[in-house]
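Student:
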Amino acid sequence: MSSTPTQPDLVHLTIDGVAVEVPKGTLIVEAAKTVKQEIPVYCYHPKLGPAGLCRVCLVEVEGMPKLQIGCNTPVSDGMVVHTQNAKVDTGRSMILELLLVNHPLDCPICDKGGECDLQDYAMAYGRGSSDVADAKTSKPKGVDLGPTIVLDEERCVVCQRCVRFDDIIAQENQLVLKDRGARDIIATATGEPYRHNFTGNVTEICPVGALTSKTYRFKSRPWDLQRTQTSCTQCAVGCQQMVDVRSGTPLRTMSVESDDAISDGWLCDRGRYNIGFYASPERITQPLYRKDGEFHQIGWDDAFSLWAKAIKSSIAANGAASVGAIGGGRLTNEEAFFLQYLFRALGVENLDWRAGTQRQAGPGASGGTYAELERADAIVIAGESPAERAPVMDLRIRKAVARNGATLIRIAPAEGTPNVACIDVATVAQAIEAMPSGAKRVALVWDGVDLQLGAELAKAASGWAGLRTYVTGEQANARGAETMGMLPREGAMDTLAMFAAAREGRLDVLSLFGVNPVLHASDAAPTRAALERIPFLVVSDLFMTETAAMATLVLPAKGAFEKGGTTTNLTGDVLPVNQSLQAPESALSDFEMLIGLAQHFDEVALPTSEELDERVIGLCAKPPVADGFGAGRYASAAPSRPAPRPSDGLAVVVHSAVFAGGGTSAHDERIASLRPLPHASLGAQDAALYGLQSGDRIDLECDGVLLRDMVVAVRPGMRPGIVALTGGLPGRAANSLSAGARARVVNVRKAAAPVGV
Amino acid sequence: MPVTKVLTAGIGEVDLRDFTVYRDRGGYKQWERAVRELQPAQVLELADRSGLRGRGGAGFPTGKKWSFLPNDNKPRYLVCNCDEAEPGTFKDHMLLEQTPHLVLEGILLGAYGIASHHAFIYIRGEFKRGFEIFSKALDEARAAGLLGKNIFGTGYDLEVTVHRGAGAYICGEETGLLNSLEGKRGEPRLKPPFPAIAGLYGMPTVVNNVETLAYLVPILEKGAEWFAAVGTERSKGYKIISISGHVRKPGNYEVALGTTVRELIEIAGGLREGRTLKAVQPGGGSSACIFDEHLDWPYDYESMAKAGSMLGSGAFVVFDDTTDFVKCAFNLVRFFAHESCGQCTPCREGGHWLETVLHRFVEGRGLRSDLEMIRRVSSTITGLNLCALGDSIEPFLKSVINRFPEQFEARIDARSLQQNGSPAMAASAR
Chain A
50 MSSTPTQPDL
60 VHLTIDGVAV
70 EVPKGTLIVE
80 AAKTVKQEIP
90 VYCYHPKLGP
100 AGLCRVCLVE
110 VEGMPKLQIG
120 CNTPVSDGMV
130 VHTQNAKVDT
140 GRSMILELLL
150 VNHPLDCPIC
160 DKGGECDLQD
170 YAMAYGRGSS
180 DVADAKTSKP
190 KGVDLGPTIV
200 LDEERCVVCQ
210 RCVRFDDIIA
220 QENQLVLKDR
230 GARDIIATAT
240 GEPYRHNFTG
250 NVTEICPVGA
260 LTSKTYRFKS
270 RPWDLQRTQT
280 SCTQCAVGCQ
290 QMVDVRSGTP
300 LRTMSVESDD
310 AISDGWLCDR
320 GRYNIGFYAS
330 PERITQPLYR
340 KDGEFHQIGW
350 DDAFSLWAKA
360 IKSSIAANGA
370 ASVGAIGGGR
380 LTNEEAFFLQ
390 YLFRALGVEN
400 LDWRAGTQRQ
410 AGPGASGGTY
420 AELERADAIV
430 IAGESPAERA
440 PVMDLRIRKA
450 VARNGATLIR
460 IAPAEGTPNV
470 ACIDVATVAQ
480 AIEAMPSGAK
490 RVALVWDGVD
500 LQLGAELAKA
510 ASGWAGLRTY
520 VTGEQANARG
530 AETMGMLPRE
540 GAMDTLAMFA
550 AAREGRLDVL
560 SLFGVNPVLH
570 ASDAAPTRAA
580 LERIPFLVVS
590 DLFMTETAAM
600 ATLVLPAKGA
610 FEKGGTTTNL
620 TGDVLPVNQS
630 LQAPESALSD
640 FEMLIGLAQH
650 FDEVALPTSE
660 ELDERVIGLC
670 AKPPVADGFG
680 AGRYASAAPS
690 RPAPRPSDGL
700 AVVVHSAVFA
710 GGGTSAHDER
720 IASLRPLPHA
730 SLGAQDAALY
740 GLQSGDRIDL
750 ECDGVLLRDM
760 VVAVRPGMRP
770 GIVALTGGLP
780 GRAANSLSAG
790 ARARVVNVRK
800 AAAPVGV
Chain B
2 MPVTKVLTAG
12 IGEVDLRDFT
22 VYRDRGGYKQ
32 WERAVRELQP
42 AQVLELADRS
52 GLRGRGGAGF
62 PTGKKWSFLP
72 NDNKPRYLVC
82 NCDEAEPGTF
92 KDHMLLEQTP
102 HLVLEGILLG
112 AYGIASHHAF
122 IYIRGEFKRG
132 FEIFSKALDE
142 ARAAGLLGKN
152 IFGTGYDLEV
162 TVHRGAGAYI
172 CGEETGLLNS
182 LEGKRGEPRL
192 KPPFPAIAGL
202 YGMPTVVNNV
212 ETLAYLVPIL
222 EKGAEWFAAV
232 GTERSKGYKI
242 ISISGHVRKP
252 GNYEVALGTT
262 VRELIEIAGG
272 LREGRTLKAV
282 QPGGGSSACI
292 FDEHLDWPYD
302 YESMAKAGSM
312 LGSGAFVVFD
322 DTTDFVKCAF
332 NLVRFFAHES
342 CGQCTPCREG
352 GHWLETVLHR
362 FVEGRGLRSD
372 LEMIRRVSST
382 ITGLNLCALG
392 DSIEPFLKSV
402 INRFPEQFEA
412 RIDARSLQQN
422 GSPAMAASAR
């Protein structure tokens, strides 16, 4: 090479006769992409790095006697690389011939057919004929690897992407390569089912049809699928995903490899698999009106006029303060904006998005990005575990800790991030003490529930360097709803105040949009009591939820795949929600419902769609809400996690779990297996007191309610006197516990040996 | 050229396993001298100047290997490779069982030479006896203050850890060994990085063979020049040769490198009465055969390479005219296919395929087209593998197919000779 590098960190080389300039350390396989030359790979994956196993990425490097693997050979100055020549072709075709020696060639019944790298490369680089004269080896087929995945070992090319994903990305280390030589197989190390929150990713990175999703087996060919990119709205992370629909049914979702900023190219199993509910026969298909204690199907025109009439007469009789609306966290930004726009136009100021335990969605002025979370050198988790609230974000935390050496500090009773080293502490003061003195980039992750804790954290965090804050929360668009104005202004009632007013008979009409406070509020009994007293309760939802069952008017809503708009994730990115499905005929989006309602109020000037977009964009573009944890607008809100009553027994804290199966996922039995076992987590001190170890099964008696068969998990850092229960599991008594409940251990079944749970 | 006694001195005459016996014969004197009087760099310099090359198989210059360690203030480790599993090799466990203190002294010197404070010995799982003997020797040496903290009051610390493998050939490959030592699946690592940069627990590491390290003791005692004075130009010093196969007195013989192939056969008692030599596999199961025309060639690294083979670990297997080379080839390919870790495609699939086809030959069911396929596949996979195991399949196979094609052709199913069309059709016609 005659040219001298212009920058010291750039390397000049020639690939297939084309001069290339790439950063030092670039691998040939990546450098070749700059000249649009694809080097075939099986084991290499940009997110997993080189493994050097499949040997299909062979290239010739002039001056080196043997063919080199493009995936583990970094470029060097003056290197001359050939990705296409006779020598390379011979090597590659040999590898493909070998991979096919024992491959079953069952492409006609293989889910991967049509999007299989073995098919594609065999066509591109294979010989097209075979010298194999002997029977192929037989290996296990249709292996039930776990609740989500089926393994066909005969199709496996042993690239170990799945094994390395489990090790490097998920940090779960469940999958391993067992046995050796041509007999080797993929299996879980322990023989237990393959089960964690991210298993579905292995079906995507599997280059062949060895690992397939149970929900997608034998369902479709890729060319029959209609693909739409959208944002996952099952939690607030905002992962980009592809929705693949065939004949009006969503068959699968796939990650978006280029989504580095948010999902890093991965999906959690809830986001991936919880799509069956769209086609559930349990969906509400028609507006329902309660008359004489019974629901009757009515048309939309009647529904709108009943709804409008109720609001009008209530305002006329008792003023706008007797009307309220709650929702927005599960709506699009446009819907949330229009929701508050319409009600405020009617003079109604009792507006709130908060329907569960979460009280705050904005991260304050120091809100960070996921990339910054990954680069943090110390991470503090307070409140519920991001593993449950924001699973794909938790992968960043695992990466930061396991790969970048960050210190993880967990304030009890937070459930942990699995499999990564963690310092368990009981109080914020101890977290301050545990903070490494040299920490320069501290990330603080909070669930937005306990505002008192939030304020404490904010105080502690003021002394931490390079602070970035995150609020994981419960609802996908909580931050968007806040930004759109779905918070009460000075003098108006928030959700808890509205419920209190309702209990006193001061709230006449309450409209709920995509929220289910009966299941999700921290205190079930008073919530139920409040809703029972409301004369006209309107609930828009996909299903007859616990809350909808109490309504006067139930409105069938569209799900996220069935409408368009934008959503704001927990880091403040405004993301597209694109329609990929047709909704059941009579369902309307919340936006369409609000328009229908607005038609009955002549005095309300509706914005044009351009104006609406402009307003939404304008609000999104505003700097993030500067109110810190538990401060500003949030400070006055009532504490939502009441202090335990001082009496005998353990104070109960109920954790909601993303995978617990509440909400939409309750309506797809195929993913029921993803639900966690009902855990009862205790500190080490209490575990010793009750003689319990992890894995024991206990029954708890809580204020007269018997909670059966909880699995004990001993969490060393948890404060004494507290038991944390998994909430949200359908049909579990833990969901209906009142705040401040006390639990007594009544029955113990010992595990044979302590197990990690 | 006669058999010499350097490492093997005293074996069979006195009980060198006895700590006192070993010490009385001057044992651990070199260790004490090195720690008291020499700098690690001087030990390295001696090893380098002696021309000592790795006795495990690759023949890499020992001093040079040590010099690759970076000066990065990280902990560095010496690992003694006693996984000896190359077919035909049986010298290391002989040293381990017969003269464990010499092996240990070699390890101590090697560790000192690279300024390491922790050495490991990885002993093949099957060597239970050797493991027990060596462990006892280690305990005795530790009790005598020869290792541990502040050795000989010099402030130098060195610990030695014994680890037993579980009997996988691939764990003799240095990075497979390191994985196994770390408690991971015993499979080779992708290189680079090489162990000298990131080896055991990610730290700079030297992996040396038992015999290599043991030669450090006489080299320190008698000097680099003494060692370099024997052998050939680039193959210096002595080597224990494991001679087996069709000879009357198979066994381990220590000789100067450069002893001729003919002499080695004679040292081992020569061929059986009335038999003639067909081939010699001079460097273990991974090496190609040499033949009559090489009888007077010197047995050293360069000559064996020039003859199309290698000296390897010094496993010297003699084949006379009773040999069934089809069976031999099948046996070795089956070994490699069985021992393949299965990580990389060419070794996993190629080894298995060749084994399957050769099995048919053993049973007299070869196909005419198979011979071409065996040549093509075995030669194409060579050089494509992640480690050397896959590259070990071809050499013996190719050398005997080329030399004794009639033995393979005789195993071709006569019916396949009339077959046209694809091999699959021919096979299904059986």
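Chain order of the listed sequences is A and B.
Heads up: the first sequence begins at 50 in this note's numbering, then just goes up one per residue.
Heads up: the second sequence begins at 2 in this note's numbering, then just goes up one per residue.
Yeah, the Cβ is synthetic: ideal placement off N, Cα and C, and Gly gets one too.
Considering only the alpha carbon of each residue, which of I460/A, V797/A, L755/A and T601/A lies closest to M767/A?
Tutor: I460/A
Student: So, do the segment 426 to 437 of chain A and the segment 556 to 567 of chain A have three or more beta carbon pairs nearer to each other than 8 angstroms?
Tutor: no
Student: Looking at the C-beta of R349/B, does it have a partner C-beta in chain A at a distance below 7 angstroms?
Tutor: yes
Student: Suppose the cutoff is 8 angstroms on Cβ atoms and the five residues either side in sequence are ignored; what does the same chain contact list for P41/B look like?
Tutor: For P41/B, where only same-chain residues beyond five positions count, the Cβ hits under 8 angstroms are Y113, G114, I115 and A116.
Student: Determine the chain B residues that contact C165/A at a beta-carbon separation under 7 angstroms, and present them in chain order.
Tutor: Those within 7 angstroms of C165/A in chain B number zero; the least Cβ separation is about 16 angstroms.
Student: What do you reckon, are the CB atoms on P88/B and F135/B nearer than 7 angstroms?
Tutor: no
Student: From R143/B to R746/A, what distance separates their C-alpha atoms?
Tutor: CA-to-CA, the gap between R143/B and R746/A works out to about 49 angstroms.
Student: When Cβ atoms are compared, which residues of the segment 228 to 239 of chain A fall closer than 8 angstroms to chain B?
Tutor: D228, R229, G230, A231, R232 and D233
Student: So, are the CB atoms of C32/A and C208/A less than 7 angstroms apart?
Tutor: Any question about residue 32/A goes unanswered here, given that chain A covers just 50 to 806.
Student: From this set, A338/B, C342/B and Y302/B, which residue's C-alpha is nearest G57/B's C-alpha?
Tutor: Y302/B
Student: Report the option in V161/B, T346/B and M311/B whose CA atom is closest to the CA atom of L147/A.
Tutor: T346/B
Student: For D180/A, would you say it is in contact with chain B, using Cβ-to-Cβ distances shorter than 7 angstroms as the test?
Tutor: Yes, D180/A lies at the interface with chain B (some Cβ there is under 7 angstroms from its Cβ).
Student: Determine, for L390/B, whether the minimum Cβ-Cβ distance to residues of chain A falls below 7 angstroms.
Tutor: Output row for L390/B: interface = no.
Student: Considering only C-alpha positions, which residue in the set S714/A, D752/A, I360/A and K227/A is nearest to Y327/A?
Tutor: S714/A
Student: Which class does L102/A belong to by DSSP, given the choice of helix, strand or coil?
Tutor: coil
Student: Please classify Y202/B as buried or exposed, where buried requires at least 16 other C-beta atoms within 10 Å of its C-beta.
Tutor: Taking a 10 Å sphere around the C-beta of Y202/B, we find fewer than 16 other C-beta atoms and assign the residue as exposed.
Student: Assuming T518/A contacts G416/A (C-beta within less than 8 angstroms), just tell me the rounded distance between them.
Tutor: 6 angstroms
Student: Assuming N121/A is part of the beta strand (DSSP E), what are its boundary residues?
Tutor: From DSSP, N121/A is part of no beta strand (DSSP E); its letter is neither H nor E.
Student: Would you mind sorting S142/A into buried or exposed? The rule is 16 or more other CB atoms within 10 Å of its CB.
Tutor: With 16 or more Cβ atoms within 10 Å of its Cβ, S142/A is classed as buried.
Student: Between which two residues does the beta strand (DSSP E) harbouring E505/A extend?
Tutor: Premise fails: E505/A lies in the alpha helix (DSSP H), L500 to A510, not in any beta strand (DSSP E).
Student: Between L105/B and A138/B, is the Cβ-Cβ spacing less than 7 angstroms?
Tutor: yes
Student: Taking DSSP as the reference, what is the three-state secondary structure of E255/B?
Tutor: Judged by DSSP in its simplified three-state form, E255/B adopts strand.
Student: Suppose the cutoff is 6 angstroms on Cβ atoms and the five residues either side in sequence are ignored; what does the same chain contact list for T277/A look like?
Tutor: V292, N627 and S629, listed in sequence order.
Student: Against chain B, with Cβ distances strictly below 7 angstroms, would N121/A count as a contact?
Tutor: yes
Student: Which residues, taken in chain order from the segment 81 to 102 of chain A, show a beta carbon closer than 8 angstroms to some beta carbon of chain B?
Tutor: P99, A100, G101 and L102
Student: Can you tell me which of A800/A, A609/A and V703/A puts its alpha carbon nearest to the alpha carbon of G776/A?
Tutor: V703/A
Student: Count the other CB atoms within 10 Å of the CB of K358/A; is the residue buried (16 or more) or exposed (fewer)?
Tutor: By the 16-neighbour rule on beta-carbons within 10 angstroms, K358/A is exposed.
Student: Grouping DSSP H, G and I as helix and E and B as strand, with all else coil, what is N367/A?
Tutor: Collapsing the DSSP output to three states places N367/A in a helix.
Student: Let me make sure I understand the geometry here. Which of W356/A, E164/A and R332/A has the alpha-carbon closest to that of Y338/A?
Tutor: W356/A
Student: Compare the C-alpha of A310/A against each of L624/A, A737/A, V795/A and V105/A and name the closest.
Tutor: When L624/A, A737/A, V795/A and V105/A are compared, the shortest CA-CA separation from A310/A is found for L624/A.
Student: So, for P695/A: in the same chain, excluding its five sequence neighbours on each side, which residues have a beta-carbon less than 8 angstroms away from its beta-carbon?
Tutor: Note that P695/A scores a pLDDT of 43, beneath 50, so its modelled location is shaky; the value from the coordinates is reported in the next line. Excluding sequence neighbours, P695/A sits near nothing in its chain.
Student: Going by DSSP in three states, W495/A sits in which element: helix, strand or coil?
Tutor: strand
Student: Let me make sure I understand the geometry here. Which of C342/B, L333/B and T383/B has the alpha-carbon closest to that of T357/B?
Tutor: L333/B
Student: What would DSSP say about F228/B, mapped onto helix, strand or coil?
Tutor: helix
Student: Counting only Cβ pairs nearer than 8 angstroms, list the residues of chain A close to R186/B.
Tutor: V225 and L226
Student: Using CA atoms only, rank isn't needed, just tell me which of S486/A, P99/A, V129/A and L76/A is closest to A68/A.
Tutor: Nearest of S486/A, P99/A, V129/A and L76/A to A68/A, Cα basis: V129/A.
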